[in-house]
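Okay, structure first, notes after.
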Amino acid sequence: MRNNTFRFLLALLFLGALCFAFQEVSPLSGSYSLGDAPACASTSATPAETAAKTSPHHGDPYARVFLVLALLLLCATVGHFVARKLNQSAVLGELLMGILVGALAYQLSGPMVTILRHADQVAAATQKVLQQNVGMQEAIRLTLEEAKLSPEEKSQIQTVVASPQFTQYFLVTRILHFFSSFGVVLLLFMAGLESSLDQLRRAGRTVVGIGFTEVSLTFVSCYLVAWLLTPPGQSPTLPLLVAGALSATSVGISARSFQDMNQLGLPEAQLVLGAAVLDDILSLIILAVVTGILTTGAVAVSTIALIVLKALLFFAAVAWFGIKFLQRDIALFAWLDQSHVKLYFSFGLLLVLAWLADLMGLATIIGAFAAGLILEERYFQVETKSPEGTQSVESLLAPLEHLFAPLFFVLLGFQVDVTTFANPKVLALGLLLTLVAVFGKMAATLILKKGYNRLVVGFGLVPRGEVTLIFASLGKSMGVLSTSVYSVLIIVVLLTTLITPPCLTWALGRSGETAST
């Protein structure tokens with residue numbers, strides 16, 4: 000009993016210290032010129048006044064950024080520990096830790112958490128500074144007049160913006176967003192590596208059928224609910240974004256659930272994982288449509304058709320390139336540099352395709368997924384003197400993904416306003432969308448032939464995770480998702496992730512591991 004009490008008090012002390020660190024850390028202080036000039040313009044202060052307010056510092060201007068990254072990784076590590084104790088996915092632990100630390104740091108008026116939480120208002124004010132030639136204080140005042148925030152939130156934002164170190168805080172949040180985006184493209188690249196073009200070609204009609212059916216049913220049902228509940232004046236893309244976010248199954252969480260029960264070899268498990276991979280591709284196409292509509296501001300049928308066509312052409316062109324030229328390009332690269340062929344070429348391909356996807360008006364993660372999809376180990380069977388030996392591409396790049404992907408999920412947690420969870424409407428909408436999201440997956444199993452346990456397949460397709468959170472992040476950053484709707488999507492992710500393991504255990508034990516229903 001004493002040990003448990005001691006651990007609880009130690010955990011509270013740790014959380015308090017972590018939140019205090021996020022509140023007190025002062026990034027990029029000193030003589031960094033890129034921060035000084037905007038600071039003068041944004042706060043309407045003279046260079047002399049700015050210099051007087053900022054103490055001189057001649058060290059590495061990014062040293063404090065290193066500290067913030069270390070704190071975020073510490074949050075992720077504790078999240079992994081909590082998730083392991085709860086027998087849940089690491090993603091859930093990272094998200095929960097971000098929610099908890101972010102909420103406490105926000106209550107302590109932490110400047111970086113405040114900027115992260117209200118990134119859309121800060122971005123809108125920055126646009127006013129650039130377009131209307133006004134100071135940052137005036138721009139934030141005009142922006143907050145239009146924002147639906149409480150007086151306390153508006154006051155906290157104005158206090159942070161008025162700080163002489165606002166530009167430094169703003170810049171460090173941009174750096175954190177960069178590392179977060181880096182983690183996302185690595186995450187989708189690794190997801191692409193887990194499948195291949197050959198694997199997709201060999202996928203049976205059952206996998207294709209269940210994949211298309213469950214995505215379609217879930218998308219249509221969630222879209223209708225979101226459309227019916229969307230208040231007047233909201234963006235017409237909101238129901239589309241919500242439906243797209245809830246269509247994809249989390250491959251990682253499903254695989255982890257079956258693995259923990261030693262059931263990965265089940266036909267149902269293989270069917271779920273195959274359908275989940277197809278989910279990812281279909282969801283990325285939906286994401287391309289949503290991104291294109293948000294960029295153009297139109298929801299015309301012709302616009303949607305054009306974006307879908309661009310996404311399909313991109314995947315087709317990448318697949319053709321992978322089949323025709325990829326192995327030759329790897330051989331040429333090996334001739335140029337025989338030391339780190341797998342690492343350099345794979346990472347370079349990831350970056351180039353992510354850039355090309357963005358150039359075509361698609362999301363960068365689509366290019367990252369496509370890069371992983373076309374890379375195969377057999378393409379690297381060339382005569383080299385590489386020290387990489389028999390290591391796979393996945394094992395070489397996995398450490399980078401393990402470092403940066405958690406930053407994305409922790410920062411997503413920082414942006415959750417926990418006070419919205421006390422709103423009965425938010426909770427009711429979260430529960431309703433969870434039920435609808437589960438229904439879409441379960442209803443799709445009705446097309447399965449005898450021999451499959453439909454309950455196992457249905458519950459295996461239930462968890463939402465990475466793709467849903469990516470949709471939520473996109474909607475939040477582009478101002479489409481309000482704080483309440485953002486919290487609703489987080490609720491769906493939490494609930495579907497939590498219910499999957501017990502529901503799978505019940506379904507497997509109800510009628511035998513491979514019994515048909």
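If you read the sequence shown in numbering that gives the first Met the number 0, its first letter stands for residue 0, the second for the next number, and so on.
Yeah, the Cβ is synthetic: ideal placement off N, Cα and C, and Gly gets one too.
Note that this is a predicted model, so its numbers are computed, not measured.
Within the same chain, Ser220, Cys221, Val224 come within 7 Å of valine 435 by CB-CB distance, once the 5 residues on both sides are set aside. DSSP, reduced to helix, strand and coil, places glycine 92 within a helical segment of the structure shown. Valine 288 places its beta carbon 8 Å or farther from that of valine 271. In the DSSP assignment, aspartate 119 falls within the unbroken alpha helix (DSSP H) covering 118-131. Straight-line spacing of the CA atoms in leucine 115 and proline 231 works out to 27 Å. When the beta-carbon positions are compared, phenylalanine 408 and leucine 94 come within less than 8 Å of each other. CA-CA distance, isoleucine 446 to threonine 495, rounds to 22 Å. In the three-state reduction of the DSSP assignment, histidine 79 falls in the helix class, which pools H, G and I.
Aspartate 357: member of the alpha helix (DSSP H) spanning 340-358, first to last residue.
Pairing tyrosine 168 with lysine 323, the inter-Cα distance amounts to about 47 Å. Following the DSSP letters along the chain, one finds tyrosine 168 inside the alpha helix (DSSP H) bounded by residues 165-192.
Taken atom to atom, the span from the alpha-carbon of leucine 227 to that of alanine 122 is near 30 Å. Two segments are said to touch when three or more pairs of C-beta atoms, one from each, lie closer than 8 Å; by this definition the region 236-250 does not touch the region 319-336.
For proline 405, same chain residues with a beta-carbon under 6 Å away, outside a window of 5 residues either side, are Ala75, Glu93 in chain order. The region 477-511 contains, as complete alpha helix (DSSP H) runs of 4+ residues, the segments 482-510 (chain order). Taking a 10 Å sphere around the C-beta of lysine 448, we find fewer than 16 other C-beta atoms and assign the residue as exposed.
Following the DSSP letters along the chain, one finds glutamate 376 in no alpha helix (DSSP H), marked with neither H nor E.
For tyrosine 222, the uninterrupted alpha helix (DSSP H) run begins and ends at 204-228, by DSSP. Fewer than three Cβ pairs drawn from the region 415-430 and the region 171-187 lie within less than 8 Å of each other, which leaves the two stretches out of contact. For isoleucine 446, there is no enclosing alpha helix (DSSP H), since its DSSP letter is neither H nor E. In this structure, DSSP gives threonine 236 a state outside helix and strand, which the three-state scheme calls coil.
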